[in-house]
């Protein structure tokens with residue numbers, strides 16, 4: 008079993024829809040949680056990060072962490088065609104440099 | 002800030018040839034990582050440098066792979082001899098220990114034929 012599981016998708020939604028992305032993990036020591044966005048033929052770009060449990064909002068993006076369920080989510084409101092990309096979750100322990108990545112979910116927002 | 006700079010962007014080489022990938026991290030970042038990305042295995046950490054010193058090379062697949070960081074502004078990943086199964090996108094990333102995440106370069110797409 009992988010340490011981080013992520014629905015591979017792909018996900019196709021109409022413009023303006025809410026996109027919901029999820030990851031589950033098995034290592035209860037993870038404390039830092041990140042979402043990366045990767046456009047085609049580009050490197051991953053850090054989108055959002057959270058520490059421990061709770062919610063964080065940044066514009067149209069909301070990240071949620073539920074450590075009790077070992078479950079993290081990313082919501083994209085009012086999705087735009089420019090949001091079409093692969094989204095990867097990542098997480099690490101407190102004093103660890105290693106990031107554990109999910110496999111990534113490919114999202115297409117149709118105009 | 003120019004970000005993490007990698008070269009070349011694309012590399013096509015024949016099996017058995019030596020391949021050298023290059024990376025310039027963001028100035029001031031003292032952590033540097035080399036990752037490999039494939040459809041089958043996703044993102045895999047190959048090696049981690051801290052203050053130019055290799056800390057963890059457990060992800061380097063075989064002795065054919067080697068990495069160096071001669072100074073704070075330059076790192077190389079070398080594959081010798083290359084094999085078709087080395088075909089992948091290789092990313093360099095840099096950061097600070099206090100960062101939640103790291104900044105990735107645009108990657109080198111390697112094809113070994």
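Residue numbers (the working numbering), protein chains in the order written: chain H, 8 to 118; chain D, 2 to 114. Glycine residues also receive a C-beta, built at the ideal position from the N, C-alpha and C atoms. The structure presented is a predicted model; accordingly, all values stated were derived computationally and were not measured.
CA nearest to the CA of residue i, picked from the options
i	options	result
residue 83(H)	38(H), 10(H) and 91(H)	91(H)
residue 46(D)	37(D), 68(D) and 87(D)	37(D)
residue 40(H)	81(H), 48(H), 112(H) and 85(H)	81(H)
residue 51(H)	102(H), 117(H), 100(H) and 95(H)	95(H)
residue 1(D)	65(D), 34(D), 42(D) and 109(D)	Outside the shown range of chain D (2 to 114) lies residue 1(D), about which nothing can therefore be said.
residue 91(D)	51(D), 68(D) and 57(D)	68(D)
residue 68(H)	78(H), 53(H) and 77(H)	53(H)
residue 52(D)	73(D), 89(D), 64(D) and 16(D)	73(D)
residue 78(H)	18(H), 101(H), 42(H) and 85(H)	42(H)
residue 100(D)	111(H), 112(H) and 99(H)	99(H)
Where residue i falls: helix, strand or coil (DSSP)
i	result
residue 64(D)	coil
residue 100(H)	strand
residue 89(H)	helix
residue 57(D)	strand
residue 85(D)	helix
residue 49(D)	strand
residue 97(D)	coil
residue 1(D)	Shown here, chain D extends from 2 to 114; a query on residue 1(D) therefore has no answer.
Beta-bridge pairing of residue i - partner residues as DSSP gives them
i	result
residue 80(D)	20(D) and 66(D)
residue 63(H)	70(H)
residue 11(D)	110(D)
Buried versus exposed call for residue i [16 or more other C-beta atoms within 10 Å across all chains shown]
i	result
residue 12(D)	buried
residue 45(H)	buried
residue 58(H)	exposed
residue 109(H)	buried
residue 32(D)	buried
residue 87(D)	buried
residue 25(H)	exposed
residue 75(H)	exposed
Closer than 7 Å: residue i CB and nearest the ligand MG heavy atom
i	result
residue 15(H)	As presented, the structure is devoid of all ligands, the ligand MG included, so that no description of it is given.
If you pair each beta-carbon of the region 94 to 107 of chain D with each one of the region 25 to 33 of chain D, do three or more pairs fall below 8 Å? yes
Does the region 3 to 12 of chain D come close enough to the region 89 to 96 of chain D to have 3 or more Cβ pairs within less than 8 Å? yes
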